[in-house]
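What follows is a short report on a single structure.
2 protein chains.
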Amino acid sequence: MNVVEVSKVLSNETRVNILKWLKEPEANFPPHQDIDHFDDGVCVGYIQDKAGLSQSTISTYLNSMQQAGLVIPTRHGKWTYYRRNEEVIEAYYSTLKEVL
Amino acid sequence: MNVVEVSKVLSNETRVNILKWLKEPEANFPPHQDIDHFDDGVCVGYIQDKAGLSQSTISTYLNSMQQAGLVIPTRHGKWTYYRRNEEVIEAYYSTLKEVL
DNA sequence: AAATCATATCTATATTTTTCGATATGTCGA
DNA sequence: TCGACATATCGAAAAATATAGATATGATTT
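Chains A and Z supply the protein sequences, listed in that same order.
Just so we're aligned, residue -10 is where the first sequence starts under my numbering, counting upward by one.
Just so we're aligned, residue -10 is where the second sequence starts under my numbering, counting upward by one.
Shown next, in the form of structure tokens:
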């Protein structure tokens, strides 16, 4: 976990929102069509609709968040689901506590 | 305290280091000439020497950190001392805990 | 009052980030 | 296998950030 890289992700309102939304998928997104749970997170299309930005922008965001380790993608057929990576988020906290 | 603004500060290695150094001024900086304590923090020149960047860059950094509320400046004669603003740093933690 | 010192601000350039439309890739259904 | 669909990647333009040198400001000293 790299503090600067994670901080870059967090220095954008939409990306912070995505992490927030993914904390409670049931409350923030409609149910998926292929599966009846959010165990693997939420598909890109739903996140895009909620954020109101272009498909390519959201995909780029999710990619940078994945690079930073903050989210984990899972393919289900033609959809990619993204969920939070709680371990890395926790690691960010504890490192900040040390460093800051 | 604005999460995005603070995160922008933290998305730069040198600025993170400055916050780290200011946590233990005695360990990271030589004593000041005019006062024998670090109660108001550390003067810009010392921070600049330690960071190895230009005076204007460090001044700009410190200004952005102050805008974000992370540090507090105090004038002592011709020197400006900067110290951490622990309240805002704590607020950042707790907001992150909620949000993330 | 002038010279000096510490810091802040201004101006400019290089780099990075943001964001999109277009296109490519991979998957499913007909 | 072809077309439709979801997502990823590419290429580009605009905006923001990084960084420095030059200059301004404010304080101290002589």
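Even glycine gets a Cβ: it sits at the ideal position worked out from N, Cα and C.
None of the values given here were measured: they were computed from a predicted structure.
- Residue pairing from DSSP leaves I7(Z) without any beta-bridge partner.
- For P62(A), the uninterrupted beta strand (DSSP E) segment begins and ends at V60 to H65.
- The distance from the Cβ of V(-8)(Z) to that of Y82(Z) is about 11 Å, inconsistent with a contact at the 8 Å cut-off.
- Distance from the CA atom of F18(A) to the CA atom of D38(A), rounded to whole angstroms, is 10 Å.
- Not flagged as an interface residue toward chain A: K67(Z), since no C-beta distance is shorter than 8 Å.
- Y71(Z) is bridged by DSSP to V31(Z) and P62(Z).
- Counting only Cβ-Cβ distances below 9 Å, Y82(A) has contacts in chain Z at Y82, L85, K86 and L89, in chain order.
- The three-state reading of DSSP puts P19(A) in coil, since its state is none of H, G, I, E or B.
- Shown here, D25(Z) sits in coil according to DSSP, grouped into three states, outside any helix or strand.
- Remark: C-beta atoms of V33(Z) and T69(Z) approach each other more closely than 8 Å.
- Under the 8 Å criterion on CB atoms, S(-4)(Z) is classed as interfacial with respect to chain A.
- For the stretch -1 to 26 of chain Z, the set of positions with a beta-carbon nearer than 8 Å to some beta-carbon of chain A reads L(-1), S0, N1, E2, V5, L8, K9 and K12 in chain order.
- Proximity of chain Z to I78(A) at the Cβ level (cut-off 8 Å) is accounted for by L89, in chain order.
- In terms of CA proximity to R64(Z), R72(Z) leads the group R72(Z), G58(Z) and A57(Z).
- The Cβ-Cβ distance between S(-4)(A) and S(-4)(Z) falls below 8 Å.
- At a cut-off of 8 Å, the C-beta of V60(Z) has no neighbouring C-beta in chain A.
- Taking a Cβ-Cβ cut-off of 8 Å, V31(Z) has no neighbours in chain A, whose nearest Cβ is about 16 Å from it.
- With distances taken between CA atoms, I78(A) lies nearest to L85(Z) out of L85(Z), N6(Z) and M(-10)(Z).
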